[in-house]
Amino acid sequence: MTNSDIPASIGSVFREELGALPWAASFDFDRLIVGQAITEIPDGKEILGDQIWDICFPRQPAGIYGHHTDLAAFQKIIDSREIWLHAVAKQVRWGELELFARQFELDGYLATNERGERVLDALARDMFSLSLSEGVPSPELWGRRFGPVRMNLHVEPIFDRSELRRVAYAGEDVQNDHPFAKLREVGLRRFAKNLIPPRINRAGAFFLPLRYSKQQEVRLLVKRLPGSSAVDTKMVRGEEVLPISLEQDHERVRIQLLYVQVASQQFVAPVQQALAAVPHWEVGVQVVQK
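For the sequence shown, the positions run 621 to 910 when the numbering used here is used.
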């Protein structure tokens, strides 16, 4: 296809192809343009990447979310009065992320920066996350993998470098009904061009592998700003963590422990014993009704 064959408004073509999909109403097709690739109007706004990930992984409001852990970790959280967010670098399955970057030709993630490290490695190191659940916890969350203690936390992001997102997948055809895959398929079929937004939200890049593996959870994500005292981290057994106080306000996110649920009666006494160190928190303990 030559440039003369490309319609003046390619957005109308994408809208014709994809307009019936539930997420299409929130996507600004008119921002798409064609050059060497299909990309975004170069007006400095660069919003299409954010739109894609906001569709795939909706932002969640402040509210009550659960965090499952075991007794030993719960005791450490109470003793330190803080909960740790772990660097995404610890959690990312590199092969999956590389596959995503290569598949969608997002070569910027695989390029090296001025320090000779891959961009995706640097981004993963500068993001910290906490896995959460919402609503009534499913039975498998009480197992050995996640832990018999559920801390019910009020989580409130208070700065634009922290966010809560739902990471979930409801369909059956993961590869083909992902919005990014749909947009890319139309671009290749109708224009023989790849869709490459000029900037991809780093949150989306790291959440996408989770979507592919069909995990369902809410994630609190905090991004590091170089030189910012708001993300003072510490090293624990060779791992960098971001501690968030449960007693004092943090500049990025407020987290408060409201109440605790446990998987069975045997966990009530040890949890209450740990909470005795913080009686002013007035945290109750419940046995979950499975």
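Where a beta carbon is used, it is the ideal one built from N, C-alpha and C, also for glycine. All figures in this text were calculated on a predicted structure; none of them were measured in a lab.
DSSP-derived helix/strand/coil call for residue i
i           : result
residue 681 : coil
residue 652 : strand
residue 744 : helix
residue 901 : helix
residue 792 : Because the pLDDT of residue 792 is 44, which lies under 50, any placement of that residue in the model is unreliable, and the number read from its coordinates should be weighed accordingly. Three-state result, residue 792: coil.
residue 713 : At residue 713 the pLDDT is 47, less than 50, meaning the model places this residue with poor confidence; the figure from the coordinates comes in the next sentence. Three-state result, residue 713: coil.
residue 692 : helix
residue 763 : coil
residue 839 : strand
residue 907 : strand
residue 635 : helix
residue 784 : strand
residue 668 : helix
residue 603 : Nothing about residue 603 can be read from this structure; the chain reaches only from 621 to 910.
residue 727 : helix
residue 844 : coil
residue 868 : coil
Minimum Cβ-Cβ distance from residue i to chain B less than 7 Å
i           : result
residue 669 : Note that chain B does not occur in the displayed structure, where there is just one protein chain.
Option in the options with minimal Cα separation from residue i
i           : options               : result
residue 857 : 690, 651 and 706      : 706
residue 726 : 669, 892 and 853      : 669
residue 869 : 702, 688 and 689      : 702
residue 694 : 871, 654, 767 and 799 : 767
residue 748 : 886, 635, 854 and 802 : 854
residue 871 : 787, 816 and 852      : 852
residue 843 : 873, 692 and 896      : 873
residue 897 : 906, 886 and 867      : 867
residue 816 : 809, 800 and 838      : 800
residue 636 : 905, 840, 810 and 904 : 810
residue 875 : 634, 784 and 664      : 784
Start and end residues, alpha helix (DSSP H) containing residue i
i           : result
residue 643 : Residue 643 -> no alpha helix (DSSP H), and no H or E assigned at all.
residue 799 : 799-811
residue 890 : 888-895
Strand pairing of residue i, partner residues [DSSP]
i           : result
residue 629 : The partner list for residue 629 (beta bridge, DSSP) is empty, contrary to what the question assumes.
residue 686 : 753 and 772
residue 853 : In the DSSP output, where bridge partners are listed per residue, residue 853 has none listed.
residue 698 : According to DSSP, residue 698 bridges with nothing at all.
residue 738 : 732
residue 815 : 658
Residue i, enclosing beta strand (DSSP E) - first and last residue
i           : result
residue 707 : 702-707
residue 777 : 769-777
residue 880 : 873-882
residue 658 : 658-660
residue 758 : Careful: residue 758 lies outside any beta strand (DSSP E) and carries neither H nor E.
residue 862 : 859-865
ask   = Three or more beta-carbon pairs under 8 Å between the segment 725-740 and the segment 776-786, yes or no?
value = no
key: At least three beta-carbon pairs within less than 8 Å, the segment 640-652 to the segment 672-681   = yes
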